[in-house]
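In this text, residue positions in the sequence shown follow my numbering: the first is 1, and each later residue adds one.
Note that beta-carbon positions come from the ideal geometry of N, C-alpha and C, so glycine has one too.
Take a look at the structure set out below.
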Amino acid sequence: MNLSKTRQNAQRADLSELDLTASDKSVLQEKDLSGGVYKYILSDSQITQAYEKAKFYFQNYRDNSSRVEINRILNSNASQTIKSKSELLISYFEEPSFDSFSSRPEENFTYSTVAAEPALYADCWVVWSGRISNAKTENGVFSCDLLVGYENLERVDGIVPVIFDVVPKIEGDRAVKILAQVKLKDGKLCLFGRSVYQPLRKN
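What follows is the structure in structure tokens.
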């Protein structure tokens, strides 16, 4: 990816406060690696590249891709300064909608992609389709299993638990699309649902 090929428009936000200073660049890695467990051990150049990609993707309205690079940093041996600036970038993110995913389908990561390395995609947003099973409501919380890819009753790509804080209107005998945020619960992949879409029934 050529980071110089940005969109020909005004920047989405002023991220100058997040630029790496000379002091930041002099200590890109944690000096003492004995204090924690890191999923990714990155070199100075890999840390810098991930950080610059995160900012680039954000400016190009690709918050999911930016989140992936930030997750890479947060789960790595990057210095606490880099991690803190990465977390600050997250505060600029916007919650997506079905329409925003329609305009940027590359940001809608597939089930197989997320399931292969869920920690890298934690807190990303997805729109996955399928059918639901094991639906129940307890204390105002709705939960179900989403049979991803089973909308045409042909194959199941995976089964993912879904939780809604607000009970959605879902007809269990029909295909559904769910806009949700990827989460890890007890180390396992699940979704925190935001909204649902089901096409109108045909008479």
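Go through the region 97 to 124 residue by residue and report every complete run of the alpha helix (DSSP H) that reaches 4 residues or more, in order.
98 to 103, 111 to 116 and 118 to 121
State yes or no: is the C-beta of V68 within less than 7 Å of the C-beta of Y111?
no
If you run the structure through DSSP and keep just helix, strand and coil, what is A135?
strand
Quick check on K85: buried or exposed, where buried means 16 or more other Cβ atoms within 10 Å of its Cβ?
buried
Chain-order list of residues whose beta-carbon lies under 6 Å from that of S66 (same chain, five-residue window excluded):
A54, Y57 and F58
Helix, strand or coil at Y150 [DSSP, three-state]:
coil
Is there contact between the region 8 to 27 and the region 76 to 91, where contact requires at least three CB pairs shorter than 8 Å?
yes
Does DSSP classify Q181 as helix, strand or coil?
strand
Residues sharing a beta bridge with F192, DSSP
I163 and Q181
8 Å Cβ shell around I132 - same chain, five flanking residues per side excluded:
C144, D145, L146, L147, V162, I170, G172 and V176
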